[in-house]
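A.B. asks: Supplied in structure tokens, the structure appears directly below.
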Amino acid sequence: MERSSDGTPYYRTDLALIHHLGFGFHADLCAPGILAVLEGVRKRDGLVVEVGCGSGLLTRHLVDAGHHVVATDASEAMLDLARGHVPGAGEIRRLTLPDDALPEADAIVSVGHAISYLDDEALLERSLVAMAEALRPGGVLAIDLCDLEWGAARQDQAPKVWRTDDWALMTEFSVPTPTRYVREMTTFVRRPDGSWRRDDERHDNVLVDTSAVPALLARHGVDATVSTSFGGAELPIGLVAVVGLKA
Ligand SMILES: C[S@@+](CC[C@H](N)C(=O)[O-])C[C@H]1O[C@@H](n2cnc3c(N)ncnc32)[C@H](O)[C@@H]1O
Numbered sequence: 001m002e003r004s005s006d007g008t009p010y011y012r013t014d015l016a017l018i019h020h021l022g023f024g025f026h027a028d029l030c031a032p033g034i035l036a037v038l039e040g041v042r043k044r045d046g047l048v049v050e051v052g053c054g055s056g057l058l059t060r061h062l063v064d065a066g067h068h069v070v071a072t073d074a075s076e077a078m079l080d081l082a083r084g085h086v087p088g089a090g091e092i093r094r095l096t097l098p099d100d101a102l103p104e105a106d107a108i109v110s111v112g113h114a115i116s117y118l119d120d121e122a123l124l125e126r127s128l129v130a131m132a133e134a135l136r137p138g139g140v141l142a143i144d145l146c147d148l149e150w151g152a153a154r155q156d157q158a159p160k161v162w163r164t165d166d167w168a169l170m171t172e173f174s175v176p177t178p179t180r181y182v183r184e185m186t187t188f189v190r191r192p193d194g195s196w197r198r199d200d201e202r203h204d205n206v207l208v209d210t211s212a213v214p215a216l217l218a219r220h221g222v223d224a225t226v227s228t229s230f231g232g233a234e235l236p237i238g239l240v241a242v243v244g245l246k247a
């Protein structure tokens, strides 16, 4: 869900800011491939709905390319950043899958494995079905999510520290089961008076056998493939691009 297993929301103010300032590379990596996949949607002036838009890092690429975008996320702190970062988006609003209804769309996009934040495979599948059902005929799906390989490749991942003048992030990683990847993060953000504020977030990601995703989507009218890129740069190992077309 949008909440971690200890009940606190994912991506509160400080981690949202750190994501925005330090982790734009994934949206930048995905953008060229996604824009190519969406070219037909742009030409017919279709509506793109983005799920898990975060602070608007991919949204910015979409809007700059001329797309009409409704950008959505579960985190209010992320949405606040997105409103500042992408003033040209058609709408930026809270939407948490799988319970909140998706608007009808000519394309649904999502990067940064937003639906892998759900608690289990059943919720992830419900979200995929909701996306398939929200697409209009001829609509395009382009999302990424974590495969079982994500965890298998990160069994003994060493802790990592990112440190800048204004923020720091320390993360410990674990793979307690083949279907779960956990990040335990401590953030520090410098206050205007020079003191530091600490916060802690634990993120659990559900890992699934993504080879089963095309059959699920096919039952809801979407002809999809899974691969290791959106057609441009390769995604990190274990992150899978799902690209589909609604009949
Ligand atoms: C790793 S961030 C990626 C953000 C952005 N797409 C990017 O690439 O910079 C994952 C995002 O998914 C959102 N998210 C997590 N669970 C969600 C859910 N159930 N429904 C919608 N968004 C969710 C989080 O709030 C977060 O903004």
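According to the numbering used here, the residues represented by the sequence shown are 1 to 247, in order.
Virtual Cβ for every residue (Gly too), placed ideally from N, Cα, C.
Skipping 5 residues on each side, what residues in its chain have a beta carbon closer than 6 Å to that of residue 83?
C.D. replies: Same-chain partners within the cutoff: 92.
A.B. asks: Between which two residues does the alpha helix (DSSP H) carrying residue 32 extend?
C.D. replies: It spans 25 to 37 - the alpha helix (DSSP H) in which residue 32 sits, taken as one unbroken run.
A.B. asks: For residue 31 and residue 58, which I take to be in contact (beta-carbon distance under 8 Å), what is that distance rounded to the nearest angstrom?
C.D. replies: Residue 31 to residue 58, Cβ: 6 Å. Contact.
A.B. asks: Given this structure, state the Cα-to-Cα distance separating residue 27 from residue 193, to the nearest angstrom.
C.D. replies: Cα-Cα distance, rounded: 32 Å.
A.B. asks: Would you tell me roughly how many angstroms separate the C-alpha atoms of residue 144 and residue 38, rounded to the nearest one?
C.D. replies: Roughly 15 Å separates the two Cα atoms.
A.B. asks: Report yes if the CB atom of residue 97 is closer than 9 Å to the CB atom of residue 130, and no otherwise.
C.D. replies: For residue 97 and residue 130, yes; Cβs fall inside 9 Å.
A.B. asks: Counting only runs of 4+ residues fully inside the region 98 to 149, write out the alpha helix (DSSP H) ranges in chain order.
C.D. replies: Whole alpha helix (DSSP H) segments, 4+ residues: 121 to 134.
A.B. asks: Looking only at its own chain, which residues have a Cβ that is under 7 Å from the Cβ of residue 234, when we skip the five neighbours before and after it?
C.D. replies: Excluding sequence neighbours, residue 234 sits near 228.
A.B. asks: Indicate whether residue 139 and residue 52 have their beta-carbon atoms separated by less than 9 Å.
C.D. replies: Contact flag unset, no.
A.B. asks: Sorted by chain position, which residues of the same chain lie with C-beta nearer than 6 Å to residue 29's C-beta, five sequence neighbours on each side aside?
C.D. replies: Excluding residues within five positions, the ones whose Cβ falls inside 6 Å are 233.
A.B. asks: So, at 7 Å on beta carbons, what are the nonlocal neighbours of residue 90 in its own chain, with the 5 sequence-adjacent residues on each side left out?
C.D. replies: Excluding residues within five positions, the ones whose Cβ falls inside 7 Å are 68, 69 and 70.
A.B. asks: Quick check: residue 171 and residue 21, are their CB atoms within less than 9 Å of each other?
C.D. replies: Going by C-beta atoms, residue 171 is not nearer than 9 Å to residue 21.
A.B. asks: Along the chain, where does the alpha helix (DSSP H) that runs through residue 81 open and close?
C.D. replies: Taken as a continuous stretch (DSSP letters only), the alpha helix (DSSP H) holding residue 81 covers 76 to 85.
A.B. asks: Here's the rule I'm using: 16 or more other beta-carbon atoms within 10 Å means buried, otherwise exposed. How should residue 209 be labelled?
C.D. replies: Looking at its Cβ environment, which holds fewer than 16 other Cβ atoms inside 10 Å, residue 209 is exposed.
A.B. asks: Looking at ligand 1, does it come within less than 8 Å of residue 24, judged from the CB to the closest heavy atom?
C.D. replies: For ligand 1, at least one heavy atom lies less than 8 Å from the Cβ of residue 24.
A.B. asks: Could you give the distance in angstroms between the alpha-carbon of residue 167 and the alpha-carbon of residue 75?
C.D. replies: Approximately 20 Å, taken between the alpha carbons.
A.B. asks: Grouping DSSP H, G and I as helix and E and B as strand, with all else coil, what is residue 174?
C.D. replies: In this structure, residue 174 counts as strand in the three-state DSSP scheme.
A.B. asks: Taking the continuous beta strand (DSSP E) assigned at residue 92, which residues delimit it?
C.D. replies: 91 to 94 is the span of the beta strand (DSSP E), which, as asked, contains residue 92.
A.B. asks: Is the Cβ-Cβ distance between residue 186 and residue 200 less than 9 Å?
C.D. replies: Yes, these two residues count as a Cβ contact at 9 Å.
A.B. asks: When you measure from the CB of residue 112 to every non-hydrogen atom of ligand 1, does any distance come out below 8 Å?
C.D. replies: The answer is yes for residue 112.
A.B. asks: Using C-beta distances below 6 Å, list every residue in its chain close to residue 127, excluding the 5 sequence neighbours before and after it, in chain order.
C.D. replies: Here the set comprises 97, 98 and 115.
A.B. asks: Ligand 1 and residue 186: does the residue's C-beta get closer than 8 Å to at least one heavy atom of that ligand?
C.D. replies: Checking every heavy atom of ligand 1 against the Cβ of residue 186, none is found closer than 8 Å.
A.B. asks: What residues in its chain sit with their C-beta under 7 Å from that of residue 175, if we drop five residues either side in the sequence?
C.D. replies: Cβ within range, chain order: 151, 154, 155 and 181.
A.B. asks: Using 10 angstroms around the beta-carbon of residue 66, count the other beta-carbons present and answer buried if the total reaches 16, otherwise exposed.
C.D. replies: By the neighbour-count rule (16 or more Cβ atoms within 10 Å), residue 66 is not buried but exposed.
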